[in-house]
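Trainee: Numbering of the sequence shown is given in this note's numbering, commencing with residue 192 and proceeding in unit increments. Built from N, CA and C at the ideal position, the CB exists for glycine as well.
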Amino acid sequence: MSNIAGKVVVITGASSGIGEATSRLLAQKGAHVVLGARRIDRLEAITSAIGGTAEFMQLDVTKREQMEEIVNFAREKFGHVDVIVNNAGIMPLSKLEALKVNEWDQMIDVNIRGVLHGISAGLPVMKEQGFGQFINIASIGAYTVSPTAAVYCATKFAVRAITDGLRQEAGNDIRVTLVSPGVTESELADSISDELARAAMKEYRQISIPSSAIASSILFAIEQPAEVDVSEMVVRPTGSL
Ligand code: NDP
Numbered sequence: 192m193s194n195i196a197g198k199v200v201v202i203t204g205a206s207s208g209i210g211e212a213t214s215r216l217l218a219q220k221g222a223h224v225v226l227g228a229r230r231i232d233r234l235e236a237i238t239s240a241i242g243g244t245a246e247f248m249q250l251d252v253t254k255r256e257q258m259e260e261i262v263n264f265a266r267e268k269f270g271h272v273d274v275i276v277n278n279a280g281i282m283p284l285s286k287l288e289a290l291k292v293n294e295w296d297q298m299i300d301v302n303i304r305g306v307l308h309g310i311s312a313g314l315p316v317m318k319e320q321g322f323g324q325f326i327n328i329a330s331i332g333a334y335t336v337s338p339t340a341a342v343y344c345a346t347k348f349a350v351r352a353i354t355d356g357l358r359q360e361a362g363n364d365i366r367v368t369l370v371s372p373g374v375t376e377s378e379l380a381d382s383i384s385d386e387l388a389r390a391a392m393k394e395y396r397q398i399s400i401p402s403s404a405i406a407s408s409i410l411f412a413i414e415q416p417a418e419v420d421v422s423e424m425v426v427r428p429t430g431s432l
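1) With the cut-off set at 9 angstroms, would you say residue 223 and residue 244 are in Cβ contact?
2) Using 8 angstroms as the Cβ pair cut-off and three pairs as the minimum, do the region 313 to 332 and the region 361 to 368 touch?
3) To which residues of the same chain is residue 336 closer than 6 angstroms at the C-beta, ignoring the five residues directly before and after it?
4) Which residue's Cα is closest to the Cα of residue 233: 247, 220, 341, 242?
5) Cβ of residue 252 within 9 angstroms of Cβ of residue 316?
6) Check whether the Cβ atoms of residue 353 and residue 307 lie closer than 9 angstroms to each other.
7) If you follow the alpha helix (DSSP H) that residue 298 is in, where does it begin and where does it stop?
8) Which of the three DSSP states is assigned to residue 249 in this structure?
9) Please report how far the alpha carbon of residue 461 lies from the alpha carbon of residue 209, in whole angstroms.
10) Do residue 209 and ligand 1 come close, with the Cβ less than 8 angstroms from some heavy atom?
11) Who pairs with residue 325 in a beta bridge, going by DSSP?
12) Use the C-beta contact count for residue 237: other C-beta atoms within 10 angstroms, 16 or more gives buried, fewer gives exposed.
13) First and last residue of the alpha helix (DSSP H) that includes residue 305?
14) Since residue 299 and residue 346 are thought to touch, with beta carbons under 8 angstroms apart, how far apart are those beta carbons, to the nearest angstrom?
15) Per the DSSP calculation, residue 375 is bridged to which residue(s)?
16) Quick check on the DSSP output: what are the complete beta strand (DSSP E) runs of length 3 or more inside the region 193 to 241, in order along the chain?
17) Quick check: what's the CA-CA separation for residue 275 versus residue 216?
18) Considering residue 426, what are the terminal residues of the beta strand (DSSP E) in which it resides?
19) Assign residue 372 to one of two classes, buried (16 or more other C-beta atoms within 10 Å of its C-beta) or exposed (fewer than that).
20) In terms of residues, what are the limits of the alpha helix (DSSP H) holding residue 359?
21) Residue 398 to residue 380, Cα distance in whole Å?
22) Determine the direct distance from the alpha carbon of residue 259 to that of residue 195, and round the result to whole angstroms.
23) With C-beta atoms as the reference, is residue 279 less than 9 angstroms away from residue 228?
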C-alpha cells in the first residue's frame, strides 16, 4: 500500500516549476496538498486543476508569520501536518563585482531565511504530533560554486548545512531530507537581471530534466517507511558535470 495517501503536505514555491510538479504528483498519489507562493492567480489555477482536497494560501516565505499561518491552516484543515517541502527559491545570478547587493539580500531572504521560517513554523508542530518530515530543496550549487553564482551557491550551501543540522537534532520521530537538483526545467532563470549571467545560463541550461523528475524524488523520500530517512539526494541530468 502506498505510504503517501492521506498525508498532509505543505509545499512552498508551488506556483511553478518543481513546487507545482510536486503538488500535482503528490495529490495524484492521494496526499492532501497545501500550496503556498506569492502569485495567487497561479495557485488558484493549479489547485483547481488538481481538484480534490488541494488547498492554497498566499505565502511570502520571507515573512515568518505567513509561514506560520500556512502551517497552522494545514493543521486546522486536516488535523496534522506530515511534510513541509521548503522549495521556494530565487536565482538572480551575477558576478560579485556587479554589486547587485539588493539581489544578494533577496537570495539570502528567500533561500535561507525562507527555509528557516519553514523550520520554525513546522518543528514545534511536528514535535507535538510526534511525527513529521522536512524536505528542503538545495541544489548542485550546494556542493560546488560556479561562476556568477557565489551568493546563490552560498545560500544553497547554507540550506545543506541547516538541513544536516536539523537532521542531527530532530530525533527518532522527524525525518529530514535534502533534495539537490541539477538543471531542471522551470522559471528559475527568469529572475536573472544581469545580461552576462543570463546569456551564460541559457547555454548552461540547455541540458535539463523535467520538474517531474524532482517531484518523483520527493515522492520517493516521503513514501519510505517512517523509520527510513532518505537524508540526501542529488538528482541531475544524465551526463551533466
Ligand atoms: P521556479 O522559479 O519555477 O519556482 C520558484 C518558486 O518559488 C515559485 O513558485 C515562486 O513563486 C516561489 N517563490 C519565490 N520567492 C518566493 C517568496 N518570497 N515566497 C514564496 N514563494 C516564493 O524555479 P524552480 O522550480 O526551479 O525552483 C524551486 C527550487 O529548486 C528553488 O529553491 C531552486 O533554487 C531549486 N533548484 C532549481 C534548479 C533548477 O535548475 N530549476 C536547480 C537547483 C535547485 P512566486 O513567485 O509565485 O512566489
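Mentor: Taking the coordinates as given:
1) To locate residue 223, count along the sequence shown from 1; it is residue 32. To locate residue 244, count along the sequence shown from 1; it is residue 53. In contact: residue 223 and residue 244 (Cβ atoms closer than 9 angstroms).
2) yes
3) What you label residue 336 is simply residue 145 of the sequence shown in a count that begins at 1. If we look at residue 336 and ignore the five residues flanking it on each side, its Cβ neighbours are 344.
4) Residue 233 sits at position 42 when you count from the first residue of the sequence shown. The residue with the shortest Cα to Cα distance from residue 233 is 247.
5) In the sequence shown, residue 252 corresponds to position 61, counting from 1. In the sequence shown, residue 316 corresponds to position 125, counting from 1. Contact: no.
6) As a position in the sequence shown, residue 353 is number 162, starting the count at 1. As a position in the sequence shown, residue 307 is number 116, starting the count at 1. In contact: residue 353 and residue 307 (Cβ atoms closer than 9 angstroms).
7) For the purposes of this step, residue 298 is taken as residue 107 along the sequence shown, with counting starting at 1. From DSSP, the alpha helix (DSSP H) with residue 298 extends over 292 to 298.
8) Indexing the sequence shown from 1 puts residue 249 at position 58. DSSP places residue 249 in strand when its eight states are reduced to three.
9) A query on residue 461 cannot be resolved here, the shown segment of the chain reaching from 192 to 432 and no further.
10) Taking the first residue of the sequence shown as position 1, residue 209 is located at position 18. Yes; taking the cut-off as 8 angstroms, the Cβ of residue 209 has a heavy atom of ligand 1 nearer than that.
11) Residue numbering aside, residue 325 sits at position 134 when the sequence shown is read from its first letter. In DSSP, residue 325 forms a bridge with 275, 367.
12) The residue you call residue 237 lines up with position 46 of the sequence shown. It is buried - the Cβ of residue 237 has at least 16 other Cβ atoms within 10 Å.
13) Taking the first residue of the sequence shown as 1, we reach residue 305 at position 114. 305 to 320 is the span of the alpha helix (DSSP H), which, as asked, contains residue 305.
14) In the sequence shown, counting from the first residue as 1, residue 299 sits at position 108. In the sequence shown, counting from the first residue as 1, residue 346 sits at position 155. About 6 angstroms; that satisfies the 8 angstroms criterion.
15) By 1-based counting over the sequence shown, the position of residue 375 is 184. Looking at the DSSP assignment, residue 375 forms a beta bridge with 400.
16) 199 to 203, 223 to 228
17) Reading the sequence shown from its first residue, position 84 is the one you call residue 275. Reading the sequence shown from its first residue, position 25 is the one you call residue 216. The straight-line gap from Cα to Cα measures roughly 15 angstroms.
18) Taking the first residue of the sequence shown as 1, we reach residue 426 at position 235. Taken as a continuous stretch (DSSP letters only), the beta strand (DSSP E) holding residue 426 covers 423 to 426.
19) On the sequence shown, position 181 is the one that residue 372 refers to. Buried, because 16 or more other Cβ atoms sit within 10 Å of the Cβ of residue 372.
20) The count along the sequence shown starts at 1 and reaches residue 359 at position 168. That run of the alpha helix (DSSP H) goes 341 to 361.
21) To locate residue 398, count along the sequence shown from 1; it is residue 207. To locate residue 380, count along the sequence shown from 1; it is residue 189. Residue 398 and residue 380: Cα-Cα distance of roughly 14 angstroms.
22) Within the sequence shown, numbered from 1, the residue matching residue 195 stands at position 4. Within the sequence shown, numbered from 1, the residue matching residue 259 stands at position 68. Cα-Cα distance, rounded: 23 angstroms.
23) Taking the sequence shown and counting its residues from 1, one reaches residue 279 at position 88. Taking the sequence shown and counting its residues from 1, one reaches residue 228 at position 37. Yes, they are a contact pair.
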